[in-house]
Amino acid sequence: MRFSARNFIIILILFIGFLTFTGAFFVVKEWKQAIVLQFGEPRQVINEPGLKFKIPFIQDAIFFDRRMLNLDPQPEEMILSDQKRIIVDSFARYKIIDPLKFFQTVRNETNFSDRFGRILNAAVRGVIAQYPLVALLSDERETIMSIIESQVVINEKNFGIKIMDVRIGRTDLTEQVANNVYQRMRSEREKEANLLRAEGEELSKEIKASANRQQTVIIAEAERTSSILRGEGDARKNIILGDAYSMDEEFFIFLRTMQACKDTFGNTDMSMVIVPGQVCEKFFGEIELDQ
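Each residue of the sequence shown is one higher than the one before, starting from 360 at the first, in this note's numbering.
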């Protein structure tokens, strides 16, 4: 029994020593910084990485990130100078440069996000209330963001942080304003479409009228040219016929008669009836006709 009790005591001492040893040392990584607390009160700030010591069961270590962190408060409805209501989603990037001040002010990152998020939204609300919606959608947005950032950084020393950037991630119209804007845009687009259609119809009428005028002019010009050419042709024809008549009157009469007969009896299926006294009788009188 003594041996067993002694072994038990040795094991218990070793176990307590192990807990003491492991609880006395902690590691601060390269991207971390630490504060050693004693009964909840800060006793030491550690900014250098490595293996560190603290008193077991009396002291504790809390860690803060030294890298850039994001602050993303809840989107809020805000009113612009043109009385439009929009939903603004802003965010900031920051670093903890004074962990002791940060701990004394907000204790942890969760509390910081809540408190500084309200400060950020208040700064955004106060600045954009002086501008219309069109300014947020134009190049003037950069100027607005600079003003907001200048108001936000005033509070950074109180929290032991360094503000690296402030941005408005998204600006959305409220549902009612969005519907009004969309309806106005739709009305404007319909008005423009109707105007374009009216201009198109007017242009179409002008083009058709111009085409009709050109058609009338072209047809009239063609008919005039045709009449001139026909007149010139008839005159030339009369000259030729007159010359032919003066050269051989009988042959000319014969030729004209043949032409008249050809025009009249061009169809070979037609029968020819020669009546005494007609011109054709002179030339066909001696021809023996079919009985």
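The beta carbon of each residue, even a glycine, is placed where N, CA and C say it ideally should be. Since we're looking at a predicted model, the values are computed, not measured.
Under 8 Å between the Cβ atoms of A482 and S440?
-> For the purposes of this step, residue 482 is taken as the residue at position 123 of the sequence shown. For the purposes of this step, residue 440 is taken as the residue at position 81 of the sequence shown. Going by C-beta atoms, A482 is not nearer than 8 Å to S440.
Length at least 3, wholly inside the region 493–532: the beta strand (DSSP E) runs in chain order = 520–532
Which runs of the alpha helix (DSSP H) fall wholly inside the region 421–454 and span at least 4 residues, in chain order?
-> none
Which first and last residues belong to the beta strand (DSSP E) in which Q489 is found?
-> Residue 489 sits at position 130 when you count from the first residue of the sequence shown. Taken as a continuous stretch (DSSP letters only), Q489 belongs to no beta strand (DSSP E), as it is neither H nor E.
Flag this pair as yes or no: are the beta carbons of R426 and Q392 separated by less than 8 Å?
-> Counting from 1 along the sequence shown, the entry for residue 426 is found at position 67. Counting from 1 along the sequence shown, the entry for residue 392 is found at position 33. Not a contact, by the Cβ cut-off of 8 Å.
Neighbourhood of I520 by C-beta distance below 6 Å, restricted to the same chain and skipping five residues each side = As a first step, residue 520 must be located in the sequence shown, where it is residue number 161. Only Y453 and I455 meet the Cβ criterion.
Could you check what DSSP says for K460 in three-state terms: helix, strand or coil?
-> The residue given as residue 460 occupies position 101 in the sequence shown. Here K460 sits in helix by DSSP.
Whole-Å CB distance - L395 paired with A364, under 8 Å assumed | Against the sequence shown, residue 395 aligns to sequence position 36. Against the sequence shown, residue 364 aligns to sequence position 5. Checking the displayed sequence, the identity of residue 395 turns out to be Val instead of Leu. Not a contact, Cβ separation roughly 38 Å.
Per DSSP, which one or two residues make a beta bridge with E552?
-> Position 193 of the sequence shown holds residue 552. Correcting the residue type first, residue 552 is Ala in the shown sequence and not Glu. Partner(s): none; A552 has no beta bridge.
What's the gap between the Cα of E407 and the Cα of W390?
-> On the sequence shown, residue 407 is found 48 positions in, with the first residue counted as 1. On the sequence shown, residue 390 is found 31 positions in, with the first residue counted as 1. C-alpha separation (whole angstroms): 10 Å.
Based on the DSSP output, what are the partners of I394 in its beta bridges?
-> By 1-based counting over the sequence shown, the position of residue 394 is 35. Answer is V404 and I421.
With distances taken from CA atoms, which of I445, V493, L430 and K460 is nearest L479?
-> For this step, residue 479 is matched to residue 120 along the sequence shown. Ranking the options by Cα distance to L479, first place goes to L430.
On the premise that I506 lies in contact with V447, defined as a C-beta separation below 8 Å, what is that separation, rounded to the nearest angstrom?
-> By 1-based counting over the sequence shown, the position of residue 447 is 88. By 1-based counting over the sequence shown, the position of residue 506 is 147. Going by Cβ atoms, the distance from V447 to I506 rounds to 14 Å, so no, they are not a contact pair.
Using DSSP with H/G/I as helix, E/B as strand and the rest coil, what is G399?
-> Reading the sequence shown from its first residue, position 40 is the one you call residue 399. Coil.
Anticipated Cβ contact below 8 Å, L492 with K564, distance rounded | Position 133 of the sequence shown, counting from 1, holds the residue named residue 492. Position 205 of the sequence shown, counting from 1, holds the residue named residue 564. Wrong, their Cβ atoms sit about 41 Å apart, outside the cutoff.
Distance, F385 Cα to I356 Cα | Nothing can be reported for residue 356: it is not among the residues displayed for the chain, which extend from 360 to 650.
Going by Cα to Cα distance, which pick from K460, F374, I372 and E435 is closest to P401?
-> Counting from 1 along the sequence shown, the entry for residue 401 is found at position 42. The residue with the shortest Cα to Cα distance from P401 is K460.
Where does K567 sit, in a helix, a strand or coil, going by DSSP?
-> Counting from one through the sequence shown, the residue named residue 567 turns up at place 208. DSSP places K567 in helix when its eight states are reduced to three.
Measure the Cβ-Cβ separation of I417 and Q433 and say whether it is below 8 Å.
-> As a first step, residue 417 is located in the sequence shown; it is residue number 58 there, counting from the start. As a first step, residue 433 is located in the sequence shown; it is residue number 74 there, counting from the start. Not closer than 8 Å, so no.
Residues of its chain near F471, where Cβ-Cβ distance is below 6 Å and the 5 sequence neighbours each way are ignored | Counted from its first residue, the sequence shown places residue 471 at position 112. If we look at F471 and ignore the five residues flanking it on each side, its Cβ neighbours are V465.
Of the choices Y541, E591 and A451, whose alpha-carbon is the least far from that of D473?
-> The sequence position of residue 473 within the sequence shown is 114, counting from 1. When each option's Cα is compared against that of D473, the closest is A451.
Just curious, the beta strand (DSSP E) that K411 is in, first and last residue?
-> Here residue 411 is taken as the residue at index 52 of the sequence shown, counted from 1. K411 -> beta strand (DSSP E) spans G409 to F412.
F347: first and last residue of the uninterrupted beta strand (DSSP E) it sits in | Only positions 360 to 650 of the chain appear in the structure, and residue 347 is not among them; the question remains open.
Look at the alpha carbon of K567 and the alpha carbon of A581, and state the distance between them as a whole number of angstroms.
-> The residue you call residue 567 lines up with position 208 of the sequence shown. The residue you call residue 581 lines up with position 222 of the sequence shown. So the alpha carbons of these two residues sit roughly 20 Å apart.
To the nearest angstrom, how far is it from the Cα of L373 to the Cα of G399?
-> Here residue 373 refers to the residue found at position 14 of the sequence shown. Here residue 399 refers to the residue found at position 40 of the sequence shown. So the alpha carbons of these two residues sit roughly 28 Å apart.
What residue from Q542, A594, F475 and M437 has the CA that sits closest to K490's CA?
-> Your numbering for residue 490 matches position 131 in the sequence shown. One detail in the question is off: residue 490 reads as Tyr in this sequence, not Lys. Out of Q542, A594, F475 and M437, M437 has the C-alpha closest to the C-alpha of Y490.
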